[in-house]
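Visitor:
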Amino acid sequence: MPQPTYVAIDDYISQTLIAPTPDVALDTALAASAAAGLPNINVAPNQGKLLHLFALMINARHILEVGTLAGYSTIWLARALPSAAPNGRPPATPHAPAASHPPRVVTLELDEKHAAVARANFITANVADRIDLRVGPALQALPQLAAEVAANRRPRFDLTFIDADKASTPHYLEHAIQLSRPGAVIIIDNVIRHGEILDQSTTDPSTLGIRQMFEQLTTERRVSATAIQTVGVKGWDGLAVLVVKA
Ligand code: SAH
Ligand code: DHB
Ligand code: MG
Numbered sequence: 499m500p501q502p503t504y505v506a507i508d509d510y511i512s513q514t515l516i517a518p519t520p521d522v523a524l525d526t527a528l529a530a531s532a533a534a535g536l537p538n539i540n541v542a543p544n545q546g547k548l549l550h551l552f553a554l555m556i557n558a559r560h561i562l563e564v565g566t567l568a569g570y571s572t573i574w575l576a577r578a579l580p581s582a583a584p585n586g587r588p589p590a591t592p593h594a595p596a597a598s599h600p601p602r603v604v605t606l607e608l609d610e611k612h613a614a615v616a617r618a619n620f621i622t623a624n625v626a627d628r629i630d631l632r633v634g635p636a637l638q639a640l641p642q643l644a645a646e647v648a649a650n651r652r653p654r655f656d657l658t659f660i661d662a663d664k665a666s667t668p669h670y671l672e673h674a675i676q677l678s679r680p681g682a683v684i685i686i687d688n689v690i691r692h693g694e695i696l697d698q699s700t701t702d703p704s705t706l707g708i709r710q711m712f713e714q715l716t717t718e719r720r721v722s723a724t725a726i727q728t729v730g731v732k733g734w735d736g737l738a739v740l741v742v743k744a
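Sequence positions in the sequence shown follow my numbering and run 499 to 744.
Structure, rendered in structure tokens:
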């Protein structure tokens, strides 16, 4: 089946299920990203909504994202967080977690130019107060987060979305596992790469990083994992989905 069919179906899904009415905040986020010259490598609308639904499925309160870009996926994730308690009081639900750690998306971005676009997008989307954007190399921010967890200054994460430089994915996965609570979900983007992960002659560092991640998972006992291929407006790619065991 030719590629345009995948695109038409993605557009159909987006029009019927994702944004039957215009979503001004997300449309504005993508327009601002393009206007600033950022690459068009955000997740597709139906993938963003899938991230949102994953977060809702597990009632995620503490979400980690590696790779912000203009904050498109971040906004989808932040919208899944429970809204802040009125008057700063803890929610009345009997089983609600302690109010000392409010729901947040911590999102890590290397490039200050990308971060500046994302910051503005978070304000437009009215989610800025739920997002902790940290600028710098993720491999510096992740040990910092681990130190905060160890000092009981923040809880472990319920959900992590790994979507930055693919060569470092194996390292991001190791940090994500250590930062996860038992039962947490980890999603890894771009794990099929138009099938290139099986090209034994490739020297592409991104592809090699993803393949190393698969190899790491064959012996990784702390998680249960699968991967799903996707086609659509982003071409042929895929997502890995992991659950961190107790
Ligand atoms: N999750 C976004 C897309 C992220 S694109 C979305 O779907 O909307 C990947 C991002 O990772 C880019 O903005 C890039 O600057 C960032 N990145 C690359 N290397 C990084 C690093 N070492 N640490 C943190 N972010 C990095
Ligand atoms: C690229 C990165 C992504 O996260 C993505 O979803 C698509 C493409 C890239 O670096 O080319
Ligand atoms: Mg991606």
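Backbone N, C-alpha and C define an ideal beta-carbon position, used for all residues, glycine too. In this text, all values refer to a predicted model and were calculated from it rather than measured experimentally.
Exposed or buried, what is Gln545 when buried is set at 16 or more other beta-carbons lying within 10 Å of its beta-carbon?
Guide: Start at 1 with the first residue of the sequence shown, and residue 545 comes out as number 47. Flag for Gln545 reads buried.
Visitor: Does the contact criterion of 3 or more C-beta pairs under 8 Å hold for the region 649-666 versus the region 713-733?
Guide: Touching, no, given that fewer than three Cβ pairs across the two stretches are closer than 8 Å.
Visitor: Kindly give me the distance between the Cβ atoms of Ala604 and Asp630, rounded to whole angstroms, as I take these residues to be in contact under 8 Å.
Guide: Here residue 604 corresponds to residue number 106 of the sequence shown, with the count starting at 1. Here residue 630 corresponds to residue number 132 of the sequence shown, with the count starting at 1. Checking the sequence shown, residue 604 turns out to be Val, not Ala. Correct: roughly 5 Å between the Cβ atoms.
Visitor: Output the residue ranges of the beta strand (DSSP E) runs that lie fully inside the region 544-578 and measure 3 residues or longer, sorted by chain position.
Guide: Entirely contained in the region 544-578, the beta strand (DSSP E) runs reaching 3 residues are, in chain order, 560-564.
Visitor: What residue does the alpha helix (DSSP H) around Asp687 start on, and which one ends it?
Guide: Here residue 687 corresponds to residue number 189 of the sequence shown, with the count starting at 1. That residue, Asp687, is in no alpha helix (DSSP H); its beta strand (DSSP E) goes 678-687.
Visitor: Give the DSSP bridge partners of Leu706, in chain order.
Guide: Walking along the sequence shown from the start, residue 706 turns up at place 208. In the DSSP output, where bridge partners are listed per residue, Leu706 has none listed.
Visitor: Listed in chain order, which residues are found with a beta carbon closer than 6 Å to a heavy atom of the ligand DHB?
Guide: Matched residues: Ile539, Asp661, Asp687, Asn688.
Visitor: I need the straight-line Cα distance from Thr700 to Gly707, nearest angstrom please.
Guide: The sequence position of residue 700 within the sequence shown is 202, counting from 1. The sequence position of residue 707 within the sequence shown is 209, counting from 1. Roughly 11 Å separates the two Cα atoms.
Visitor: Spatial neighbours of Tyr504 within its chain, please: CB distance less than 7 Å, with the 5 preceding and 5 following residues excluded, ordered by chain position.
Guide: Start at 1 with the first residue of the sequence shown, and residue 504 comes out as number 6. Closer than 7 Å at Cβ, skipping near neighbours: Val729, Gly730.
Visitor: By alpha-carbon positions, which one of His692, Leu671, Leu536, Pro520 ends up nearest to Val683?
Guide: On the sequence shown, position 185 is the one that residue 683 refers to. That would be Leu671, whose Cα lies nearest to the Cα of Val683.
Visitor: Locate the beta strand (DSSP E) running through Leu608, then write down its first and last residues.
Guide: Numbered from its first residue, the sequence shown carries residue 608 at position 110. That residue, Leu608, is in no beta strand (DSSP E); it is neither H nor E in DSSP.
Visitor: Tell me the residue span of the alpha helix (DSSP H) that contains Ser531.
Guide: Walking along the sequence shown from the start, residue 531 turns up at place 33. Per DSSP, Ser531 belongs to the alpha helix (DSSP H) from 522-533.
Visitor: If you draw a straight line from the C-alpha of Asp735 to the C-alpha of Arg709, how long is it?
Guide: Along the sequence shown, one-based indexing puts residue 735 at 237. Along the sequence shown, one-based indexing puts residue 709 at 211. Their Cα atoms are separated by approximately 13 Å.
Visitor: Look at His726 and Leu737 and say whether their C-beta atoms are less than 9 Å apart.
Guide: Here residue 726 refers to the residue found at position 228 of the sequence shown. Here residue 737 refers to the residue found at position 239 of the sequence shown. Contrary to the premise, residue 726 reads as Ile rather than His in this sequence. Yes; because the gap between Cβ atoms is below 9 Å, this pair is in contact.
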